[in-house]
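In the UniProt record's numbering, the protein residues as written are 1 to 648.
Quick notes on the structure that follows.
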């Protein structure tokens, strides 16, 4: 029936795709082909066309700012504004001339000896049409250009060769040289408001750079050696607060200062949460941070996620968010936590919808520091990403320092810290690897925690010491920051165990009378060993209690079964009773099956395994070893967590 199509198929098979002629006219390619004679911008033109996308043309202005113009705006005053303060360049490069008659002092035309009026050409402006077309042509010749992917604002960045780039607003440190912001290595670094540049002698002494702060500490009985560096002085200042972990927390905060200054250049950007009561000196600490960074940080109380995102733009400056308190409605702070979590690794661009129904892209590459009296509840995945630095109340009679008297010295210390990091950037990878390995090998931390705390400790090491840390130092900090030693990681339950904990701790009434009991209590009765003496009344009672519990848990999709000589807890995949228990958790709607199947030794039933009856309801299930589902007194829950994570 399709024989009549055969000649058409044969004809189509003989068609060959023509080669693309890059020199032919037409649209769609702005590489070596041009549909009109090529025009070039003068080499000394103060405005640099960058590229175009979706009808918008991008330029670096004479001031170095990035400017986006629609086609109808590439004209007249908009062009003049781009060339300012050198707008006269337009008349010099593209003059619009007019022939006019020469006149004498009386205003009468000047004539030659033959009586002809003498005329001359004078510049009366600049050629708008030529300049407008040339600017747009040059943008098109540069090709399609996406500012969201190719612009780097103020802050630190990593070059393709791994070297450090510092964008200080009006100066750019690249390849060890200070240059004017502009286009380098395919990236655009626009001119922005200046922020402090790194400064200070490599071997600066604290008592020379900050004599009053040094004297203040010595008056308090703090020993400051005569050759102490500014970073050592800052560490001693941080130790004056009443930290919950006095040996660890000041060092981690010092490390955050260093990491935050170069956040955009880091693979992982650590997150810190400072918490403490009303009399703990938290406000004074935030004041210290503000002076150290001297405008190179976004500090804001009561900020919103959209506000932070829009203010940051394409900068990698650090962010300090105060008053991030737990509240009845934590949606606002949760949005900020999500932003910080994404910024820690910058795994792709974030997409946000707009009022015009167009998505906007944003890529956060900043270190975040939150502070509050109380930390809001978080998911384990979020909580384990923070270093929690807790402040206790200051001792009676203690006075917070007045840092307003030391603003200049603190700003000098901040500039020196940045200089120290820039000068020692070549040591960064070595230090990070050393502390990450120590945390994993000695502290038994997982990769994410090793990234978090390894980055903080390595940054502090870079600021404080030269050379490499010795084995003893690494072993010490591997233990201090180890998994079981840190509250941030020792108490963090993984999702599977969290789901099981939710289920076990649910209060239910499965018999219609009497008080509610925890699911774990029903499970204990359902798995209780039977007394061997059959004639003993207690044995009969235990047997009845066990049978009653086994029947009861079936009503919520649970059942104790034996398979391959082992005891298992079967959890239904589809069960209304179980769905009601977990309806207010993130494990609702059957998500519990995914989580529980990841417990150590768990078996998720497939098509090859027969369904199980739960009090008459038949369903597939997940089998969990009883030792995991209901550990005995000798099997602490932490052991189950450890086994599970080892399996993962």
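From the three backbone atoms N, C-alpha and C, an ideal C-beta is built for every residue, glycine too.
query: May I ask you to report which of helix, strand or coil DSSP gives residue 214?; result: helix
query: May I have a chain-ordered list of the beta strand (DSSP E) segments no shorter than 3 residues that lie completely inside the stretch 39 to 124?; result: 48 to 53, 56 to 60, 66 to 69 and 95 to 101
query: From residue 252 to residue 364, what distance separates their C-alpha atoms?; result: 22 Å
query: For residue 431 and residue 250, what's the separation of their Cα atoms in angstroms?; result: 19 Å
query: Contact between the stretch 305 to 317 and the stretch 404 to 418 is defined here as three or more beta-carbon pairs at a separation below 8 Å; is this criterion met?; result: no
query: Please state whether DSSP places residue 416 in a helix, a strand or coil.; result: helix
query: When you compare only the Cα positions, how much space is there between residue 397 and residue 254?; result: 26 Å
query: Counting along the chain, where does the beta strand (DSSP E) carrying residue 617 start and finish?; result: 617 to 619
query: Take the Cβ of residue 280 as the centre, count every other Cβ of all protein chains shown within 10 Å, and call the residue buried at 16 or more, exposed below.; result: buried
query: By how many angstroms is the C-alpha of residue 395 removed from the C-alpha of residue 214?; result: 22 Å
query: State the CB to CB distance for the pair residue 414 and residue 443, rounded to an integer number of angstroms; the pair is presumed to be in contact (CB under 8 Å).; result: Actually they do not touch by this definition, with Cβ atoms about 31 Å apart.
query: What three-state label does DSSP hand residue 165 in the structure shown?; result: strand
query: Give me the Cβ distance between residue 198 and residue 418, rounded to the nearest whole Å; I'm assuming they're in contact under 8 Å.; result: 4 Å
query: Could you check whether residue 138 and residue 225 sit closer than 8 Å to each other, using their CB atoms as the reference points?; result: no
query: So what's residue 184 in DSSP terms, helix, strand or just coil?; result: strand
query: Under three-state DSSP, which class holds residue 387?; result: strand
query: Any idea which residues DSSP pairs residue 625 with across the strands?; result: 568
query: Can you tell me which of the three DSSP states residue 499 falls into?; result: helix
query: Terminal residues of the continuous alpha helix (DSSP H) containing residue 256?; result: 249 to 261
query: Decide if the stretch 275 to 295 is in contact with the stretch 328 to 337; the criterion is three or more beta carbon pairs, one per stretch, under 8 Å apart.; result: no
query: Would you call the stretch 482 to 490 and the stretch 235 to 243 in contact, with 3 or more CB pairs under 8 Å?; result: no
query: For the beta strand (DSSP E) that residue 158 lies in, which residues bound it at each end?; result: 155 to 158
query: To the nearest angstrom, how far is it from the Cα of residue 576 to the Cα of residue 260?; result: 49 Å
query: Can you grab the Cα-Cα spacing for the pair residue 628 / residue 509, in whole Å?; result: 24 Å
query: Secondary structure at residue 314, three-state DSSP: helix, strand or coil?; result: coil
query: Nearest-angstrom Cα distance between residue 46 and residue 151?; result: 19 Å
query: Buried or exposed for residue 27, please, with buried defined as at least 16 other CB atoms from any protein chain shown within 10 angstroms of its CB.; result: Below a pLDDT of 50, predicted positions are generally treated as unreliable, and residue 27, at 37, falls in that range; the measurement from the model is reported next regardless. Exposed, because fewer than 16 other Cβ atoms sit within 10 Å of the Cβ of residue 27.
query: If I follow the unbroken beta strand (DSSP E) through residue 146, where does it start and stop?; result: Careful: residue 146 lies outside any beta strand (DSSP E) and carries neither H nor E.
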